[in-house]
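Read the structure below first, then the notes.
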């Protein structure tokens, strides 16, 4: 009966037997054949030979490998390198943590002649003595024990940045430079006083910190921190958490909110208002600059009751008949004429209309209004003493939609239409919707709705400045 053996397997077994049983013992690599062997756990072994994966990290085991980005492993007692662009095996990642830039130091391990960092999954250090044995390995992670380094503290992003041209640090931070292959230029950032790898996080705020430079999936969903990694939740169907509706702000909140210690700001449209989140130089959220979300009152007596004006926030609501109403929304057509209700309308001749709770503009050549908001004159105040805003129709149209012949509308401080100045609310089939600049929509009566828009508030502001 013949028994066949693999020549490669037999050679591997012989090599393993030689190294394990110590046919050639050694106290250091100098006792082994120069250029062909190294001292591995007290026995000379061929360059490239390994009993464990750690042997492949021993700098005395200077085996040839492809010049590529990949990870080391021990297969059939031979060290090899898998070139897949990742410094760690599948299942472990450098993106999971940020390790101190200075870890490996043989002075932290008695008897060590060399060491190497291994940052896959944990911040590990492999120490080797002269015999090629791994030592000081009773607790390799940086949680406790000799040679342990604490998380890197920082007072600014520059404390975390790695200079690839710094030859004194290059050996100990090679792995750190490979933190994110998607964005090779990305640098660690200062997160709440400690260095963190790009794309990693402890809170949702870390993920929106302008200094945290990372790539992210594109979809409709909020950016959140999940298991220490910044990602986007694509299941909500909204840019806000829990499907909340974002607030439509007229200007970027970061441009109108001041915070002396702020070095970075991100706008937050999901907290019920036009809010801004400010960060200091160490990546901390400046709580004194981030207030609790403004809560709408049950009733109002004036517009400012409906808005958070303590920090210069942009108005998002107006007072309508004693209740706060969102800009652009209405309970009747009168709300669409209220100068406090900032609405963009299609630029065409016609009249305003409240339809399904939203203000719109009906394009019509048969009936049109030319509304102009202005301070009430003495004559008008005599006729309507409680009025604070008067809206006039300069076209003097006598149609129902333009004041039923009155030509004027009067509003008190609570947004009520007073002094019997209410337009007709007859529905129309020619309701025009806003279109893009340059677009046109042909209506039933031949009028054209052009997509440039204007704001009634602009008219108010212009006249008030006169």
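In mature numbering (1 follows the signal peptide of the UniProt record, and there is no 0), the protein residues as written are -22 to -1, 1 to 444. All residues carry an ideal CB built from backbone N, CA and C; glycine is no exception. As the structure is a prediction and not an experimental result, all values here were calculated from the model.
Contact set for residue 183: own chain, Cβ-Cβ below 6 angstroms, skip 5 residues either direction: 263
When we look at the beta-carbon of residue 119 and count the other beta-carbons within 10 Å, is it buried (16 or more) or exposed? Low per-residue confidence applies at residue 119: pLDDT is 40, beneath 50, and the placement is therefore not dependable, though the value from the model is reported in the following sentence. Exposed, since its Cβ has fewer than 16 Cβ neighbours within 10 Å.
May I ask you to report which of helix, strand or coil DSSP gives residue 136? helix
Please return the same chain residues whose Cβ sits closer than 6 angstroms to the Cβ of residue 179, not counting the five positions on each side in sequence. 185, 203, 208
Could you tell me which residues DSSP puts in a beta bridge with residue 242? The partner list for residue 242 (beta bridge, DSSP) reads 257.
Just checking my contact of residue 214 with residue 199 at CB under 8 angstroms: how many whole Å lie between their CB atoms? 5 angstroms
Check each candidate in 61, 337, 238, 251 and name the one with the smallest Cα separation from residue 307. 337
Out of curiosity, what's the CA-to-CA distance linking residue 285 and residue 301? 12 angstroms
Is it buried or exposed for residue 38, if we count other Cβ within 10 angstroms and need 16 for buried? buried
I'd like to know whether the C-beta atoms of residue 351 and residue 369 end up nearer to each other than 9 angstroms. yes
Quick one: grab the DSSP three-state call for residue 84. helix
Of the residues 318, 172, 195, which one's Cα is nearest the Cα of residue 261? 172
Taking Cβ positions, are residue 206 and residue 225 nearer each other than 9 angstroms? No. Outside cutoff.
Nearest to residue 166 by CA position, among 136, 193, 195, is which residue? 136
Would you call the stretch 324 to 332 and the stretch 276 to 284 touching, i.e. three or more CB-CB distances under 8 angstroms? no
Put residue 357 into one of helix, strand or coil per three-state DSSP. helix
What's the gap between the Cα of residue 304 and the Cα of residue 312? 15 angstroms
Tell me the rounded alpha-carbon separation between residue 197 and residue 219. 14 angstroms
Please classify residue 45 as buried or exposed, where buried requires at least 16 other C-beta atoms within 10 Å of its C-beta. exposed
Sequence-distant residues of its chain with Cβ nearer than 7 angstroms to residue 89 (five each side left out): The residues are 107, 113.
What are the partner residues of residue 341, as DSSP defines its beta bridges? 328, per the DSSP bridge assignment.
Please go through the same chain and pick out, in chain order, the residues whose beta-carbon is closer than 8 angstroms to the beta-carbon of residue 61, but skip the five residues on each side of it. 44, 46, 47, 48
Compute the Euclidean distance between the alpha carbons of residue 22 and residue 15, then round it to the nearest angstrom. Across the structure, residue 22 and residue 15 are spaced so that their CA atoms are roughly 6 angstroms apart.
Compute the Euclidean distance between the alpha carbons of residue 333 and residue 297, then round it to the nearest angstrom. 19 angstroms
Hey, out of 222, 195, 223, 278, whose CA is closest to residue 212's CA? For residue 212, the closest of 222, 195, 223, 278 by C-alpha to C-alpha distance is 195.
Counting along the chain, where does the beta strand (DSSP E) carrying residue 202 start and finish? 201 to 204
Please return the same chain residues whose Cβ sits closer than 7 angstroms to the Cβ of residue 254, not counting the five positions on each side in sequence. 231, 232, 235, 243, 245, 246
For residue 15, list the residues DSSP reports as bridge partners. In DSSP, residue 15 forms a bridge with 24.
What residues in its chain sit with their C-beta under 6 angstroms from that of residue 160, if we drop five residues either side in the sequence? Only weak support is given to the placement of residue 160: the predicted model assigns it a pLDDT of 35, under 50, and the question is left unresolved by the model.
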